[in-house]
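Below: the structure, in C-alpha cells.
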Amino acid sequence: IGYHIIKIVEKMPFKLLELDDKIPPQNQFTVKEEIKAQLLQQKQGQYYQRALLDLLDDLKKKAEIKIFEKNLNW
C-alpha cells in the first residue's frame, strides 16, 4: 500500500546479446559464462538430490523400522 516513486537515470536501448557480450549493468560476465554457471549450478543440484536420495535409501535398508498402525490418524 502506498506509492513508489521511480526515477529513470539511464535508458539503454534494447539489444539482443551475443554469447561473448558482457551482461549489463554489472559488465563482469559474458552471456556464455552466465549460462555455463547456471547449468553447472543446476547439475550440482541434481547430483546433490541424487546423493541425498541414495543416502536415504541406504539408511532405510539398514534401519529397523516399526510402524504402529494404531497411532496413525488415517
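Per the UniProt record's numbering: the sequence shown = residues 1 to 74. Cβ coordinates follow ideal geometry from the N, Cα and C atoms, glycine included.
Test item: CB-CB of Leu19 and Val31 under 9 Å: Here residue 19 corresponds to residue number 19 of the sequence shown, with the count starting at 1. Here residue 31 corresponds to residue number 31 of the sequence shown, with the count starting at 1. In this structure, Val31 lies closer than 9 Å to Leu19 by Cβ.
Neighbourhood of Ala37 by C-beta distance below 8 Å, restricted to the same chain and skipping five residues each side: For the purposes of this step, residue 37 is taken as the residue at position 37 of the sequence shown. If we look at Ala37 and ignore the five residues flanking it on each side, its Cβ neighbours are Phe29.
Rounded C-alpha distance that separates Trp74 from Lys66: Here the question's residue 74 lines up with position 74 in the sequence shown. Here the question's residue 66 lines up with position 66 in the sequence shown. When rounded, the distance between both Cα atoms is 17 Å.
DSSP state of Lys22 mapped onto helix, strand, coil: Counted from its first residue, the sequence shown places residue 22 at position 22. If DSSP states are grouped into helix, strand and coil, Lys22 belongs with the strands.
Contiguous beta strand (DSSP E) assignments of at least 3 residues, all confined to the segment 14-68: none
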